[in-house]
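Notes for the one structure printed next.
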Amino acid sequence: MSQEIQIQTMAELAAKGEKPEVLFWVGCIGSFDDRAKKVTRAFARILNAANVKFAVLANEESCTGDPARRAGNEFLFQMQALQNITVLNGYGITRIVTTCPHCFNVMKNEYPVLGGHYEVMHHSQFINQLLKEGRIKVEGGSFQGQQITYHDPCYLGRGNGEYEAPREVLRSLDTALVEMKRSKEKALCCGAGGAQMWKEAEPGNKEVNVERSEEAVGTGAKIVAVACNFCNTMLTDGVKHQGKEAEVQVKDIAELIAEANKL
Amino acid sequence: MNIGAVIFILVLAAAVWWFTRNVRRIRRNILLGREEVINDRKAERWATMARVALGQSKMVVRPVAGILHILVYAGFVIINIEVLEIIIDGIFGTHRVFSFLGGFYSFLIGSFEVLAILTWLACAIFLIRRFILRIPRFWSREMTEWPRTDAGLILTFEILLMSAFLLMNAADHTLQGMGAEHYVKAGAFPVSAVLASWLGMAGMEPSTLIGIERFCWWFHIVGILGFLNYLPYSKHFHILLAFPNVWYSKLRPKTQMDHMPRITAEVQSMMDPSIPPPAPPAEPANGFPPEHFGAKDVFDLSWKSLMDAYTCTECGRCTSVCPANITGKLLSPRKIVMDTRDRLEEVGKVLDKNNGKWVDDGKDLFSRITDEELWACTTCNACTQACPVNIDPVHIILDLRRYLVMEESKPRQELNAMFTTIENNGAAWAYGPDKRMDWVKE
Chain A
228 MSQEIQIQTM
238 AELAAKGEKP
248 EVLFWVGCIG
258 SFDDRAKKVT
268 RAFARILNAA
278 NVKFAVLANE
288 ESCTGDPARR
298 AGNEFLFQMQ
308 ALQNITVLNG
318 YGITRIVTTC
328 PHCFNVMKNE
338 YPVLGGHYEV
348 MHHSQFINQL
358 LKEGRIKVEG
368 GSFQGQQITY
378 HDPCYLGRGN
388 GEYEAPREVL
398 RSLDTALVEM
408 KRSKEKALCC
418 GAGGAQMWKE
428 AEPGNKEVNV
438 ERSEEAVGTG
448 AKIVAVACNF
458 CNTMLTDGVK
468 HQGKEAEVQV
478 KDIAELIAEA
488 NKL
Chain B
3 MNIGAVIFIL
13 VLAAAVWWFT
23 RNVRRIRRNI
33 LLGREEVIND
43 RKAERWATMA
53 RVALGQSKMV
63 VRPVAGILHI
73 LVYAGFVIIN
83 IEVLEIIIDG
93 IFGTHRVFSF
103 LGGFYSFLIG
113 SFEVLAILTW
123 LACAIFLIRR
133 FILRIPRFWS
143 REMTEWPRTD
153 AGLILTFEIL
163 LMSAFLLMNA
173 ADHTLQGMGA
183 EHYVKAGAFP
193 VSAVLASWLG
203 MAGMEPSTLI
213 GIERFCWWFH
223 IVGILGFLNY
233 LPYSKHFHIL
243 LAFPNVWYSK
253 LRPKTQMDHM
263 PRITAEVQSM
273 MDPSIPPPAP
283 PAEPANGFPP
293 EHFGAKDVFD
303 LSWKSLMDAY
313 TCTECGRCTS
323 VCPANITGKL
333 LSPRKIVMDT
343 RDRLEEVGKV
353 LDKNNGKWVD
363 DGKDLFSRIT
373 DEELWACTTC
383 NACTQACPVN
393 IDPVHIILDL
403 RRYLVMEESK
413 PRQELNAMFT
423 TIENNGAAWA
433 YGPDKRMDWV
443 KE
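Chains as they are written, first to last, in our numbering: chain A, 228 to 490; chain B, 3 to 444.
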């Protein structure tokens, strides 16, 4: 975990008259949340290891507007979206990868009608592609045979039909994937979506993240793999709520790949 | 023409007239919704309809209910072929007019009988599941007295119709064996023959049997026509709307929200003063309320959401997979859809009373749906995935949230804070753009 991360901003690349292979959209949570920042670093290291020429927008990146839109504030969403589209189009961006299924969904599905047309990929898809193309290999067998369960993010799975890419990435680790009873189309939400992340849950008799992490812990897996920083936060809290944090780890698939390769 | 035929024609005409009237009323109500053009990807729409509505693909996700439902559904669709014969016999005073089909006719009647008994059994099991085993999704909060009665009536009705059909055949079959006048030897009676021997019909007087046969014939057909006219007042209307509702369902990614072009025009003019602000929407005629940002009442929802509302059969699969509902929150996607339908019916009655003009009754969707329900949704789309007829409760919830926030400025307080940070920092958390690269440092 010592390698220096090589990173360029779009402004730097553009000054040299160069274009990246892909823009890495870091997202707010990936930029500011301490737990999520580790995932961002892990993914950047994977990109470095695969020699992917990528760039970030740095201070030119702004919230996609997703939480505002889900919370009903269409004005704010469209202001954010139109601003971002101006920046992205200004740099002539055509391909975007992000570790956030919410940014992924919004940019892939909701930006086109506002003039932003990009090929948008979720990092699980991107890593899977790098593995398939042989640009990265999983070395060592640090996770061989380990029981891992995978929690589908709603905005990646049900929302956009991507159930396989993250599972293929996990299989590349030679792990033993144990599915929860509610998985894929039937996966239970972590509780953060629809702007819930920014508010107290409405009154009820249980927290959604507790319900879900009980199910994850119930599989007996020692690693709960996630592919969304919001799910990561929610399930980490849920595992702690059960006092299981010493036995069960919640990790993003990017972290698992980086760890296996000692990046 | 005999008196029976005259009565039959009158009953049939009245039933068709009343049903058509109600279907037109429902159609009018659905079209009160906001315009949304849905006519893309036609081949995919037909395929989806064939798979989901005709093929019941999402029903069998829960095998017990799914397979029983397929029996009732197949029974219903196929036995209706029999209704054609009954109608012709009724009008022309014939008896078993299709019997000239010979072996094929026997095959038809035989398979109707098998389906009838399977439907009978499936309905009985449904009644047991609902009222004796009391499966929780049939007893949750929104399943008030009428929805529960409605379900019970439908199942009881179907059992009675199937019983009449089988009893009619049992008597007919026995009469055929006796060589009674009028009762031509035709058909195969694998179920009713057994029923006839159980009831000892062979020992009955021909006149009694004719009485049973005639009574059941009339009960069956008048029952079917009555049931037809019950549909528009019942959740059972889904048997008709399931098909168009699936055809028109959302093919885009589930998490893709509806675009609001009017807001784009406003935002563009805010960002670039040389673009004039958009003209306000035209004042609607006939006293209808002006267009809102988001949905305050049924007029503001897409017509597709209103069709969703009339299509719902209250099975509760949506609610049983809803993370908010599972964890004891107030939100139930089924209730949102039922509330929308009930409000729409209420609006329709106001229009009926005022010759199609809208007179504000001081109520709207928020008279039924609380903020607490709306803010519990995680937009996870488990409900839309679970719905066997592709109803989209999330669409309604998000349209209502849009109204709450953009017109009433009534989000949850913490969400206001999130809006402000996005406005000020371009981030959903209170960090400035200069902190965007801090992640690189350990």
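C-beta atoms are modelled at their ideal positions from N, C-alpha and C, and glycine is treated no differently.
Contacts of residue i in chain B (Cβ-Cβ under 8 angstroms)
i	result
A:ALA485	Under the 8 angstroms cutoff, chain B gives no residues; its nearest Cβ is about 14 angstroms from A:ALA485.
A:ASN432	THR329, GLY330
Inter-residue CB distance, residue i and residue j (contact presumed, cutoff 8 angstroms)
i	j	result
A:ALA263	A:ASN456	4 angstroms
A:VAL324	A:PHE353	5 angstroms
A:GLN307	A:ALA295	7 angstroms
B:LEU406	B:ASN31	The Cβ separation is near 24 angstroms, so there is no contact.
B:ARG319	B:ALA388	4 angstroms
A:ALA487	A:THR460	At roughly 23 angstroms, the Cβ-Cβ gap does not stay under 8 angstroms, so A:ALA487 and A:THR460 are not in contact.
B:ASN24	B:PRO246	The Cβ separation is near 16 angstroms, so there is no contact.
B:ASP394	B:THR381	No, B:ASP394 and B:THR381 are not in contact; Cβ-Cβ is about 11 angstroms, not under 8 angstroms.
Euclidean distance between Cα positions of residue i and residue j
i	j	result
B:PHE301	B:VAL39	16 angstroms
B:LEU253	B:VAL391	13 angstroms
A:GLY319	A:LEU250	11 angstroms
B:ILE424	A:THR326	20 angstroms
B:SER236	B:SER59	24 angstroms
A:HIS349	A:HIS378	15 angstroms
B:GLY154	B:GLU147	11 angstroms
B:PRO192	A:GLN374	55 angstroms
B:ASN445	A:GLY421	Absent from the model: residue 445 of chain B. The displayed extent of chain B is 3 to 444, so no value can be given.
B:LYS412	B:ASP373	9 angstroms
B:ILE156	B:MET262	41 angstroms
B:PHE290	A:VAL475	58 angstroms
B:ARG98	B:SER209	19 angstroms
B:ASN2	B:ILE11	Any answer about residue 2 of chain B is impossible in this case: the structure gives chain B only from 3 up to 444.
A:ALA298	B:LEU227	47 angstroms
A:ARG409	A:ALA452	15 angstroms
B:LEU135	B:THR313	26 angstroms
B:ARG47	A:VAL340	22 angstroms
A:THR291	B:LEU34	34 angstroms
B:PHE94	B:ALA7	7 angstroms
B:THR96	B:PRO286	55 angstroms
Helix, strand or coil at residue i [DSSP, three-state]
i	result
B:TYR405	helix
B:THR146	coil
A:LEU404	strand
A:ARG322	strand
B:LEU162	helix
B:TYR250	coil
B:THR511	Chain B is shown only over 3 to 444; residue 511 of chain B falls outside these bounds and no answer can be derived.
B:GLU115	helix
A:GLU239	helix
A:ARG376	According to the sequence as given, residue 376 of chain A is Thr; it is not Arg. Three-state result, A:THR376: strand.
A:LEU483	helix
A:GLU429	coil
A:SER289	coil
B:MET262	coil
A:ALA452	strand
Proximal chain A residues relative to residue i, where beta-carbon distance stays under 7 angstroms
i	result
B:LEU332	GLU429
B:MET273	LEU309
B:ASN383	CYS381, ARG385, GLY386
B:LYS256	ARG385, GLY386
B:ALA378	GLU429
Neighbour list for residue i in chain B, Cβ cutoff strictly below 7 angstroms
i	result
A:PHE493	Nothing can be reported for residue 493 of chain A, as the shown portion of chain A is limited to 228 through 490.
A:GLU288	ARG438
A:CYS330	By Cβ distance, chain B contributes nothing, its closest Cβ being about 11 angstroms from A:CYS330, past 7 angstroms.
A:THR511	Because residue 511 of chain A is not part of the residues shown, which for chain A are 228 to 490, the question remains open.
A:GLY418	PRO325, THR380
A:TRP252	Within 7 angstroms Cβ-Cβ: nothing; A:TRP252 doesn't reach chain B, min ~11 angstroms.
beta-carbon residue i near the ligand GDP non-hydrogen atom, thresh 7 angstroms
i	result
A:MET461	You won't find the ligand GDP in this model; it holds no ligand whatsoever.
Chain-ordered chain B contacts of residue i [CB-CB under 9 angstroms]
i	result
A:VAL444	Correct list: empty, because the minimum Cβ distance to chain B is about 17 angstroms.
Validate contact between the segment 112 to 122 of chain B and the segment 77 to 89 of chain B using beta carbons, cut 8 angstroms, 3 pairs: yes
Quick test of the definition: if touching needs 3 or more C-beta pairs under 8 angstroms, does the segment 343 to 350 of chain B touch the segment 368 to 384 of chain A? No, because fewer than three Cβ pairs between the segment 343 to 350 of chain B and the segment 368 to 384 of chain A fall closer than 8 angstroms, the two stretches do not touch.
Cβ contact check for the segment 102 to 122 of chain B and the segment 160 to 180 of chain B: 3 or more pairs under 8 angstroms: yes
Tell me, please, whether the segment 84 to 93 of chain B touches the segment 218 to 227 of chain B by the rule of three or more beta-carbon pairs shorter than 8 angstroms. yes
Decide if the segment 354 to 374 of chain A is in contact with the segment 397 to 407 of chain A; the criterion is three or more beta carbon pairs, one per stretch, under 8 angstroms apart. yes
Check whether the segment 231 to 244 of chain A and the segment 270 to 285 of chain A are in contact - that is, three or more C-beta pairs closer than 8 angstroms. yes
At a cut of 8 angstroms, does the segment 424 to 441 of chain A reach the segment 315 to 334 of chain B through at least three beta carbon pairs? yes
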